[in-house]
Amino acid sequence: MHKRVKLDNGITVDIDKAPDICPICNQAQLPANIFAKLTGDVENNKTKLELAMECMNLNCARLYISRYSKTRSTYNHNFKFDQSIPETFNAPNISQEIINISESFEKIFIQASEAESRQLEQLAGIGYRKALEFLIKDYCISIKPEKEEDIKSNQLSRVINNYVTDENLKNCANRAVWLGNDETHYIRKWKNHDLKDLKILIQLTCAWIETSILTKKYMDEMDRI
Numbered sequence: 036m037h038k039r040v041k042l043d044n045g046i047t048v049d050i051d052k053a054p055d056i057c058p059i060c061n062q063a064q065l066p067a068n069i070f071a072k073l074t075g076d077v078e079n080n081k082t083k084l085e086l087a088m089e090c091m092n093l094n095c096a097r098l099y100i101s102r103y104s105k106t107r108s109t110y111n112h113n114f115k116f117d118q119s120i121p122e123t124f125n126a127p128n129i130s131q132e133i134i135n136i137s138e139s140f141e142k143i144f145i146q147a148s149e150a151e152s153r154q155l156e157q158l159a160g161i162g163y164r165k166a167l168e169f170l171i172k173d174y175c176i177s178i179k180p181e182k183e184e185d186i187k188s189n190q191l192s193r194v195i196n197n198y199v200t201d202e203n204l205k206n207c208a209n210r211a212v213w214l215g216n217d218e219t220h221y222i223r224k225w226k227n228h229d230l231k232d233l234k235i236l237i238q239l240t241c242a243w244i245e246t247s248i249l250t251k252k253y254m255d256e257m258d259r260i
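Residue numbering for the sequence shown follows our numbering, beginning at 36 and increasing consecutively.
In structure tokens:
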């Protein structure tokens with residue numbers, strides 16, 4: 036549903052949506068429109084609309100800019116939302132158990148997440164695939180330290196099939212590899228799955244690894260009395 040905005044020069048334009056998330060605090064809310072301005076003539080298709088917005092979250096209350104582009108329509112005053120700036124990146128939470136297994140995974144995964152937050156999806160996919168490789172190989176080295184050199188030098192799918200015994204972990208990790216490989220290859224094999232599915236499979240892989248680590252921890256610490 037379109038929303039009407041009045042500019043400082045009295046001209047009225049329509050936007051497809053009001054920004055509903057503050058790019059600074061990342062809270063969902065309906066901001067206040069402080070000021071609206073065009074970058075050029077309203078009839079020019081290259082003209083952008085910029086709205087100065089105020090976040091209604093009292094713990095933030097920051098000002099930010101929402102940018103809109105012209106849409107091709109019979110009514111030439113329609114604008115479509117592009118982005119709000121400045122963007123603040125919120126790093127994903129990674130459990131300490133996973134960090135203890137692979138600090139490299141934490142660093143690479145966070146960098147991939149930041150790339151995705153900046154709409155760099157092509158780079159993000161490659162980063163997630165690399166993060167997955169470090170996670171799986173570091174985990175396998177932690178349970179089979181005597182096989183470290185073999186684990187480091189082997190293909191990831193072979194490492195999973197040779198050294199991961201938990202079926203849930205193996206199945207999730209293998210599927211994450213399939214989608215991760217799609218992010219680095221010219222032709223995608225899994226056309227109905229995308230970056231979102233890859234991230235979910237990596238999260239599931241992390242969850243099964245964490246479950247394995249914590250289960251072993253408490254089994255080792257707590258013998259039957």
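Glycine included, each C-beta is placed from N, C-alpha and C at the ideal position.
Can you list, in chain order, the stretches of the alpha helix (DSSP H) that have 4 or more residues and sit fully within the segment 57 to 81? none
Inspect the beta-carbon positions of Ser137 and Asp173 and report whether they are closer than 7 Å. yes
Pull up the DSSP beta-bridge partners for Arg39, would you. Asp49
To test your reading of the DSSP string, which unbroken alpha helix (DSSP H) runs of 4 or more residues are found completely within the segment 78 to 125? none
What did DSSP end up calling Tyr253 once you bin it into helix, strand or coil? helix
If I'm right that Cys68 touches Asn125 with Cβ under 8 Å, what's the distance once you round it to whole angstroms? According to the sequence shown, residue 68 is Asn rather than Cys. That pair is no contact at about 25 Å.
Return the first residue and the last residue of the alpha helix (DSSP H) that Tyr198 is part of. Leu191 to Tyr198
How long is the line joining the alpha carbons of Thr47 and Ala87, rounded to whole angstroms? 16 Å
Ile222: first and last residue of the uninterrupted alpha helix (DSSP H) it sits in: Per DSSP, Ile222 belongs to no alpha helix (DSSP H) and is neither H nor E.
Excluding five sequence neighbours on each side, which residues of the same chain lie with their C-beta closer than 6 Å to the C-beta of Lys72? Glu85
Could you tell me whether the segment 113 to 121 touches the segment 92 to 104, where touching means 3 or more Cβ pairs closer than 8 Å? yes
Within a Cβ cutoff of 7 Å, which residues of the same chain sit near Glu245, ignoring the five residues on either side of it in sequence? Ser130, Glu132 and Ile133
Under the three-state DSSP convention, the category Asp300 falls into: In this structure the chain extends from 36 to 260, so residue 300 is not present and cannot be described.
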